[in-house]
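Residue numbers (our numbering): 148 to 541.
Even glycine gets a Cβ: it sits at the ideal position worked out from N, Cα and C.
Computed from a predicted model, the values in this text were never measured in an experiment.
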Amino acid sequence: MSRRDPLAYLGAELESLKQQGLYRQLRVLEAEQTPTTTFDHRRVVNLSSNNYLGLTTHPLLRERALQATRDLGVGTGSVRTIAGTMAIHVELEQRLAAFKNTEAVVVFQSGFAANAGTVSAILTKDDVVVSDELNHASIVDGCRLSRAAIKVFPHKDVRQARAILASLPHSQRKLLITDGVFSMDGDLGPLPELCALAEEFDAVMMVDDAHASGVFGRNGRGTIDHFGMHGRVDIQVGTLSKAIGVLGGYVAGSRSLIEFLQHRARPFLFSTSHPPGVAAACIAALDVLEQEPQIIERLWENTRFFKSGLDRLGFNTGASESPITPVIVGDGALAMTLSDRLFAKGVFAQGIAFPTVARDKARVRTIVTATHSKDELQFALDVFTSVGRELGII
Ligand SMILES: Cc1ncc(COP(=O)(O)O)c(C=O)c1O
Numbered sequence: 148m149s150r151r152d153p154l155a156y157l158g159a160e161l162e163s164l165k166q167q168g169l170y171r172q173l174r175v176l177e178a179e180q181t182p183t184t185t186f187d188h189r190r191v192v193n194l195s196s197n198n199y200l201g202l203t204t205h206p207l208l209r210e211r212a213l214q215a216t217r218d219l220g221v222g223t224g225s226v227r228t229i230a231g232t233m234a235i236h237v238e239l240e241q242r243l244a245a246f247k248n249t250e251a252v253v254v255f256q257s258g259f260a261a262n263a264g265t266v267s268a269i270l271t272k273d274d275v276v277v278s279d280e281l282n283h284a285s286i287v288d289g290c291r292l293s294r295a296a297i298k299v300f301p302h303k304d305v306r307q308a309r310a311i312l313a314s315l316p317h318s319q320r321k322l323l324i325t326d327g328v329f330s331m332d333g334d335l336g337p338l339p340e341l342c343a344l345a346e347e348f349d350a351v352m353m354v355d356d357a358h359a360s361g362v363f364g365r366n367g368r369g370t371i372d373h374f375g376m377h378g379r380v381d382i383q384v385g386t387l388s389k390a391i392g393v394l395g396g397y398v399a400g401s402r403s404l405i406e407f408l409q410h411r412a413r414p415f416l417f418s419t420s421h422p423p424g425v426a427a428a429c430i431a432a433l434d435v436l437e438q439e440p441q442i443i444e445r446l447w448e449n450t451r452f453f454k455s456g457l458d459r460l461g462f463n464t465g466a467s468e469s470p471i472t473p474v475i476v477g478d479g480a481l482a483m484t485l486s487d488r489l490f491a492k493g494v495f496a497q498g499i500a501f502p503t504v505a506r507d508k509a510r511v512r513t514i515v516t517a518t519h520s521k522d523e524l525q526f527a528l529d530v531f532t533s534v535g536r537e538l539g540i541i
């Protein structure tokens, strides 16, 4: 007897996405993640990666990953809490703790796992999270998993955050949480004001610095360093998958926080640790940040050049303060058309629409890296000019 497909409704959902012009094929990278590369058989200037410093292909990271693989193998064969903690994982955590100026660090398999695993571990259903409306999905999922009450404040609205905190019983445990750099808009969380609120209302302060590590602060130490907030943020999350160029996430904080997470954070307990090559490449990335801080300066020079170019052309780049520069067009289908036309002319800038951003704030998102040349960026600006005019955006 033939069985009716119980997943047929998914096909209907996909059909609806196609009709709205929001269906996306995954673009396939056929070469290295570099400033000019090949996606879907086309050479393009790549403005879509989070490879801020070009470390995905840095010779030192490549060499250390190969060496660790030769010496230690390709996998760990276990979760961290059983047999999967290698000396190289411990070394990476010690290096990150020194980098972030905290007592200790625990590394997770991804930034997503670090956020979701941490928030869900430290809160219970009796607690409350006070969270910026644009915080990353991994924070949102962690909040849901914790079963704590979730109170969302409008983006960067410190007054509203304060009003929420003031309305809560003093005895209730509270977590105040923000992204350091918001991933779709490239603006910064108001850390000084939020830290002051956390102190006033006795809340735990947590910052997700995924897009800030390697980009802001001395040698890329992140927004806590940028704003001079050392000692005032209880939980710092970072990723090893963006500026660091490899894969993973981490939590930096007090030794008791880190030991607690080693006992209770479910991605740490129930998922296998990084291959040694990953840990070795991350350590090499920290060496690069210490020894070649000029690459961070190049990232900022390129950011200023490209952002001011887009602004001069008349594009709406929102409130970005970082190398993430959105080109906001509003309508989802228009954003996808803009992205497709740019791609056809040799520039890859991903279109982003609902539910990743609000329905009327669809955009293409651009990220320059330290390793783009001025010629590549000028070429991208020229293509933006011609496609923007073609579509009546500028
Ligand atoms: C703000 C933010 N936090 C966390 C993450 C997750 O990091 P990872 O890619 O390492 O899982 C991302 C990545 O998309 C992000 O943008």
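- Take Pro301, set aside five residues on each side of it, and the residues of its chain with a beta-carbon closer than 7 Å to its own are Glu280 and Gln307, in chain order.
- One residue after another in chain order, those with a Cβ under 6 Å from a heavy atom of ligand 1 are Ser257, Gly258, Phe259, Asn262, His283, Ser285, Asp326, Ser330, Asp355, Ala357, His358, Thr386, Ser388 and Gly396.
- Scanning Ala509, Val253, Asp355 and Leu200 for the CA closest to the CA of His283 turns up Asp355.
- With a cutoff of 7 Å on beta-carbon distance, Gly400 and Leu387 are scored as not near each other.
- In chain order, Pro337 place their CB closer than 6 Å to the CB of Lys303, counting only its own chain and leaving out the 5 sequence neighbours on each side.
- Excluding five sequence positions before and after Ser330, the CB atoms of its chain that fall closer than 8 Å to its own CB belong to His283, Ala357, His358 and Ile471, given in chain order.
- CA-CA distance, Gln166 to Glu160, rounds to 10 Å.
- Within the model, the alpha-carbon separation for Leu485 versus Glu523 is close to 19 Å.
- Taking C-alpha positions only, Glu162 is separated from Val287 by approximately 28 Å.
- The C-beta distance from Phe452 to Lys521 rounds to 7 Å, short enough to meet the 8 Å contact threshold.
- Counting every other CB atom within 10 Å of its CB across the protein chains shown gives Val277 a total of 16 or more, marking it as buried.
- Nearest Cα to Tyr170 within the set Val530, Ala480 and Ser469: Ala480.
- Judged by beta-carbon spacing, Ala268 lies beyond the 7 Å limit of Leu404, meaning their Cβ atoms are not closer than that value.
- Comparing alpha carbon positions, the residue from Val494, Ala431, Val476 and Gly539 closest to Arg510 is Val476.
- By DSSP's assignment, Ser278 forms a beta bridge with Val299 and Ile324.
- In the three-state DSSP reduction, Asp288 falls in the helix class (H, G or I).
- Taking 7 Å as the cut-off, the beta carbon of His377 is found no closer than this to the beta carbon of Asn449.
- Taking 7 Å as the cut-off, the beta carbon of Ala345 is found closer than this to the beta carbon of Leu323.
- Bridge partners of Asn193 according to DSSP: Phe495.
- Membership of Tyr397 in the beta strand (DSSP E) is indicated by the continuous run Gly396 to Gly400.
- In the same chain as Asp478, and ignoring 5 residues on each side of it, the C-beta atoms closer than 7 Å to its own belong to Ala509, in chain order.
- Distances from the CA of Leu538 to each of Ala482, Phe526, Ile499 and Ala527 were compared; the closest alpha carbon is that of Ala482.
- Counting only residues of its own chain and dropping the five nearest sequence neighbours on each side, Val384 has a CB closer than 6 Å to the CB of Ala261, Asn262, Asp355 and Val398.
- Between the alpha carbons of Gly498 and Ser225 lies a gap of roughly 38 Å.
- Beta-bridge partners of Met352 (DSSP): Leu323.
- Across the structure, His410 and Pro316 are spaced so that their CA atoms are roughly 29 Å apart.
- Secondary-structure assignment with DSSP links Leu335 through a beta bridge to Val328.
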